[in-house]
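So that you can map any letter, position 32 of the sequence shown is 45 in our numbering, and since no number is skipped, the others follow by simple counting.
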Amino acid sequence: MSQKELVSNNMKNQKQQFGFTLVETLVAVLILSLSIGGLLSLAAGGFFSVRYARSQIVANNLLQESLEYIRNSRDTSFIQGLSWEDWQDTLQTDTSGIQTGIDSDGCFSSDGCIVNPYSSGSKVKMCSGLCPNLYYYPDNGFYGYNVSYPFTPNTPPYQSSFTRKIVITPSFANTDQVIVTGSITWLNGSSPKTLSQKILITNWKP
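Here you go:
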């Protein structure tokens with residue numbers, strides 16, 4: 014074999030080796046990309062699940078707060094000597110929180126009402142269309158509405174995606190019963206979520 018042929022064969026072998034190395038590199042890069050993509054996907058899914066779980070806990074607590082306020086208002090009214098009908102009148106308000114005495118207003122309306130236990134003024138107001146969003150107060154760590162409170166927060170509250178409402182409907186089976194439906198909606202990313210619960214309140218005072 015001549016020297017020229019030897020040189021030609023060496024060049025071919027080198028090209029084959031270079032080509033094989035390039036293929037290996039591309040395969041390695043592909044495998045690495047798929048691995049990193051899978052890890053990022055798992056991390057994103059975990060973050061999304063944690064955020065949803067946290068929001069669901071907050072929503073459940075806010076929903077329980079509103080239902081317990083309605084239940085407590087009945088007990089407080091009875092202790093103060095109000096009748097079953099007088100207690101229901103306290104929940105029949107307009108959008109300013111003024112009692113109307115009209116069965117289709119306030120919490121008895123189809124739009125429902127909001128309850129604001131922290132307000133220094135009217136604590137029950139009828140919603141006009143959609144109920145307002147709750148605000149989060151970072152200094153105090155609670156959710157409420159952007160109204161005057163007995164305290165002045167140092168950090169301004171910001172609007173959250175949580176919206177809750179209470180709808181009260183009389184029970185047709187018994188005039189001494191009302192059905193209280195609480196619902197709360199929020200956004201988990203761009204996906205709307207809803208949580209609702211019903212309780213039965215009775216006229217326990219003889």
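Beta carbons are placed, not taken as given, at the ideal position from N, Cα and C, and that holds for glycine.
These figures come from a predicted structure and were not determined experimentally.
Between which two residues does the beta strand (DSSP E) harbouring residue i extend?
| i | result |
| --- | --- |
| W217 | Premise fails: W217 is in no beta strand (DSSP E) and is neither H nor E. |
| G157 | 155 to 157 |
| Y131 | No beta strand (DSSP E) contains Y131, which DSSP labels as neither H nor E. |
| K136 | That residue, K136, is in no beta strand (DSSP E); it is neither H nor E in DSSP. |
Look at the alpha carbon of residue i and the alpha carbon of residue j, and state the distance between them as a whole number of angstroms.
| i | j | result |
| --- | --- | --- |
| W217 | V128 | 23 Å |
| L19 | T38 | The predicted model places L19 with a pLDDT of 46, which falls under 50 and marks its position as unreliable, so this point remains unresolved. |
| G134 | I214 | 25 Å |
| K17 | I49 | Its pLDDT being 49, under 50, K17 is placed unreliably by the model, and the measurement read from it follows with that caveat. Computed Cα separation, rounded: 48 Å. |
| T194 | A41 | 58 Å |
| Y82 | S203 | 30 Å |
| T165 | V137 | 21 Å |
| K211 | L47 | 48 Å |
| V36 | V63 | 41 Å |
| D99 | N153 | 34 Å |
| L43 | T34 | 14 Å |
If contacts are defined as beta-carbon pairs under 8 Å, then residue i and residue j qualify, I think. What distance do you get, rounded to the angstrom?
| i | j | result |
| --- | --- | --- |
| T103 | S86 | 7 Å |
| I197 | A72 | 5 Å |
With H, G and I counted as helix, E and B as strand and the rest as coil, what does DSSP make of residue i?
| i | result |
| --- | --- |
| Q105 | coil |
| V126 | Note on identity: in this sequence residue 126 is Cys, with Val being the wrong assignment. Reduced to three states, the DSSP call for C126 is strand. |
| S196 | strand |
| Q210 | strand |
| Q93 | coil |
| I181 | strand |
| K17 | In this prediction, K17 has a pLDDT of 49, which is less than 50 and means its spatial position is unreliable; nothing more can be read from the coordinates. |
| N74 | helix |
| S204 | strand |
| T176 | strand |
Original post:
Does the pairing of the segment 185 to 192 with the segment 151 to 160 give three or more beta-carbon distances under 8 Å?
Top reply: Look at the beta carbons and you see the segment 185 to 192 not touching the segment 151 to 160: under three pairs across the two are nearer than 8 Å.
Original post:
So does the segment 146 to 153 actually touch the segment 163 to 177, counting three or more Cβ pairs closer than 8 Å?
Top reply: yes
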